[in-house]
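K.L.:
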Amino acid sequence: MAVAAPVPDLADRATDCADRLREAGRVLLASHIDADGITSAAVASTGLARAGIDHEVVFEKQLDADSIAGIAARELDVVLFTDFGSGQLDVIADHEDRGDFVPVIADHHQPADRDTRYHLNPLLEGIDGASELSGAGASYLLARALEGPDGDNRDLAALAVVGAVGDMQDSDGGLVGANESIVADGVDAGVLEARTDLDLYGRQTRPLPKLLEYASDVKIPGISNDEAGAISFLTDLDVDVKRDGEWRRWVDLDGAERRTLAPALMRRAVASGVPSERIEALVGTSYTLVDEEPGTELRDVSEFSTLLNATARYERGDIGLAVCLGDRGDALAEARRLLRTHRRNLSEGLQWVKNEGVTHEDNLQWFDAGSRIRETIVGIVAGMAVGSPAVDRSKPVIAFAEESVEELKVSSRGSHALVRKGLDLSAAMREASQSVGGDGGGHDVAAGATIPIDERDAFLAAADRIVGEQLS
Ligand SMILES: [Mn+2]
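Be aware that the sequence shown starts at -11, since it is given in the numbering used here, and climbs by one per residue.
(1) Could you compute how far the alpha carbon of residue 307 sits from the alpha carbon of residue 52?
(2) Only counting runs of 4 or more residues, tell me where the alpha helix (DSSP H) segments fall wholly within the segment 398 to 440, in order along the chain.
(3) Verify the contact flag: residue 123, CB atom, against every heavy atom of ligand 1, threshold strictly below 7 Å.
(4) Mind reading off the beta-carbon distance from residue 257 to residue 219? Whole number of angstroms is fine, and I expect it under 8 Å.
(5) Just to confirm, is the Cβ distance from residue 119 to residue 76 under 8 Å?
(6) For residue 356 versus residue 444, is the C-beta distance shorter than 8 Å?
(7) What is the rounded straight-line gap between the Cα of residue 436 and the Cα of residue 37?
(8) For the candidate residues 372, 354, 403, whose alpha-carbon lies nearest to that of residue 333?
(9) Could you give the DSSP three-state label for residue 81: helix, strand or coil?
(10) Tell me which residues share the same chain as residue 298 and place their Cβ nearer than 6 Å to its Cβ, disregarding the 5 neighbours each side in the sequence.
(11) Report the residue ranges of all beta strand (DSSP E) runs contained in full by the segment 86 to 126; include only those spanning at least 3 residues, in chain order.
(12) Could you tell me the boundaries of the alpha helix (DSSP H) in which residue 374 lies?
(13) So, is residue 244 buried or exposed, given that buried needs 16 or more other C-beta atoms within 10 angstroms?
(14) Is residue 25 near ligand 1, with its Cβ less than 7 Å from a heavy atom?
(15) CB residue 239 to CB residue 283, shorter than 8 Å?
(16) Is the beta carbon of residue 2 closer than 8 Å to that of residue 129?
(17) Can you confirm whether the segment 161 to 168 touches the segment 41 to 56 when touching is taken to mean that 3 or more C-beta pairs between the two stretches lie within less than 8 Å?
(18) Quick one: what's got a C-beta closer than 6 Å to residue 310's C-beta in the same chain, skipping five residues either side?
(19) With a threshold of 16 other CB atoms inside 10 Å of the CB of residue 346, please say whether the residue is buried or exposed.
(20) Give the DSSP bridge partners of residue 230, in chain order.
(21) Between which two residues does the alpha helix (DSSP H) containing residue 10 stretch?
(22) Look at residue 99 and residue 74 and say whether their C-beta atoms are less than 8 Å apart.
(23) Quick one: does the C-beta of residue 462 sit closer than 7 Å to a heavy atom of ligand 1?
(24) Whole angstroms are fine: how far does the CA of residue 433 sit from the CA of residue 402?
(25) Per DSSP, which one or two residues make a beta bridge with residue 275?
(26) State the beta-bridge partners of residue 17 as determined by DSSP.
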């Protein structure tokens, strides 16, 4: 594997941050609540603990003026922000100027138009924060700078890779750039294995038919979303796909069996007319945490990050953190329960949309789930609806859910085919929400907004007009 060059300037920033943290009496570590933020907190907290630095950890869904004021009210002299903080530097620097706390930031998001002394962010050194280094990666560099004479922190590379994959930085088939140096550290430290493999979600835990049926990145007609088709494909292969009457998992197959199944799947995809660039996406780099039990979601980096995201969506970052820090008892059991609940909520949410149907406007379709679907998952449900027969594929879907008594959460999802025709949901969500006193943004194919609860219909009229202009 080619190892990316180390990044000396970023290492200097990490050293400055580490030196300031060592001088602190007690540190408040504030982190974003998602897979990258939770692994950021775990990596930074372990680095601090090993350096003997007293600290406590809090999670925030979003860092805004209110949550930063709450952090300042804790009256700790140093606040370490991980996986957020750069984008909120305007507010944070005001607190710093007033002497509320000294900020230390390890982040990878676009900085606001202010700076601060202890600021570790790849974007400040010309490194892409979207694809080359995550919040957990920045926290890893900080943990390396916190190393003492008694041992190194390279073992934390495993969690840094979980964070990067949680932020989908491996979406082109593997990690690149600064992330690749972290992978190399993890391999050297004996905690991580990187190898080219079939790139389907669930290699550790899903029975083979489910692995193929649920694969959503590459759709293979007659196998994807087709249980009977997936089973008949598997049983036609010269591989023992069952053992003692139970379906085996990808992780249960030996090398020769994998080398039979993977090419057969690709031949089938070719024969079904799947475009060649999609077929290439069936193979990618898999990252395995070698100290974790085989056949568990913790063994596979992408399954681990999904488990952490499930804890985050139900505001249990503390549970995800405990799992990252090694709890394989109660915290792991609770994380698994949250993941099962999450999957059930998604399928019930999708079923609700199918039963209730959507309302059509000229250029979009929408549903308002009220409080029946949590605002933290309504966007995923909208995305699942786009791929289901419940909706019209020629228009984007807009979903509403109650965020609070005053605010409505808006999530929108389109398709790549619509984006090619001019759809830009990021612009549509931003303009339509701002026209009714809210705000929003995101990506062309998936975006969101928050609007005042009484402005739904005015928002819809504006969004319908904007999407109509984009698609005309
Ligand atoms: Mn992140």
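We put the CB at the ideal spot given by N, CA and C, even for glycine. It should be emphasised that the depicted structure is a prediction, and the values quoted were computed from it without experimental measurement.
P.N.:
The answer reads as follows:
(1) As a position in the sequence shown, residue 307 is number 319, starting the count at 1. As a position in the sequence shown, residue 52 is number 64, starting the count at 1. Each residue's alpha carbon lies about 23 Å from the other.
(2) 404 to 408, 413 to 422
(3) One-based indexing of the sequence shown puts residue 123 at position 135. Yes, Cβ of residue 123 sits closer than 7 Å to a heavy atom of ligand 1.
(4) Position 269 of the sequence shown, counting from 1, holds the residue named residue 257. Position 231 of the sequence shown, counting from 1, holds the residue named residue 219. About 17 Å; that fails the 8 Å criterion.
(5) Taking the sequence shown and counting its residues from 1, the one referred to as residue 119 is at position 131. Taking the sequence shown and counting its residues from 1, the one referred to as residue 76 is at position 88. Not closer than 8 Å, so no.
(6) As a working mapping, residue 356 is identified with position 368 in the sequence shown. As a working mapping, residue 444 is identified with position 456 in the sequence shown. In this structure, residue 444 lies closer than 8 Å to residue 356 by Cβ.
(7) Reading the sequence shown from its first residue, position 448 is the one you call residue 436. Reading the sequence shown from its first residue, position 49 is the one you call residue 37. Cα-Cα distance, rounded: 38 Å.
(8) Position 345 of the sequence shown, counted from the start, is the residue given in the question as residue 333. Answer by Cα proximity: 372.
(9) As a first step, residue 81 is located in the sequence shown; it is residue number 93 there, counting from the start. Residue state, collapsed to three classes: helix.
(10) By one-based count along the sequence shown, residue 298 stands at place 310. The beta carbon of residue 298 is closer than 6 Å to those of 326, 327, 330 in its chain, skipping five residues each way along the sequence.
(11) 90 to 94, 106 to 108
(12) Indexing the sequence shown from 1 puts residue 374 at position 386. Unbroken alpha helix (DSSP H) run through residue 374: 366 to 374.
(13) Position 256 of the sequence shown, counted from the start, is the residue given in the question as residue 244. Result: exposed.
(14) Translated into positions along the sequence shown, residue 25 becomes position 37. Answer for residue 25: yes, Cβ within range of ligand 1.
(15) Taking the sequence shown and counting its residues from 1, the one referred to as residue 239 is at position 251. Taking the sequence shown and counting its residues from 1, the one referred to as residue 283 is at position 295. Their beta carbons are under 8 Å apart, which means residue 239 touches residue 283 by this criterion.
(16) Within the sequence shown, residue 129 is the residue found at index 141, counting from 1. Within the sequence shown, residue 2 is the residue found at index 14, counting from 1. Contact: yes.
(17) no
(18) The sequence position of residue 310 within the sequence shown is 322, counting from 1. Same-chain partners within the cutoff: 319.
(19) Position 358 of the sequence shown, counted from the start, is the residue given in the question as residue 346. It counts as buried.
(20) In the sequence shown, the residue the question calls residue 230 occupies position 242. Beta-bridge pairing links residue 230 to 235.
(21) Position 22 of the sequence shown, counted from the first residue, corresponds to residue 10. Per DSSP, residue 10 belongs to the alpha helix (DSSP H) from -4 to 11.
(22) Here residue 99 refers to the residue found at position 111 of the sequence shown. Here residue 74 refers to the residue found at position 86 of the sequence shown. Yes.
(23) Residue 462 is absent from the model: the chain starts at -11 and stops at 460.
(24) Walking along the sequence shown from the start, residue 402 turns up at place 414. Walking along the sequence shown from the start, residue 433 turns up at place 445. Residue 402 and residue 433: Cα-Cα distance of roughly 5 Å.
(25) To locate residue 275, count along the sequence shown from 1; it is residue 287. Bridge partners of residue 275: 182.
(26) As a working mapping, residue 17 is identified with position 29 in the sequence shown. Bridge partners of residue 17: 45, 68.
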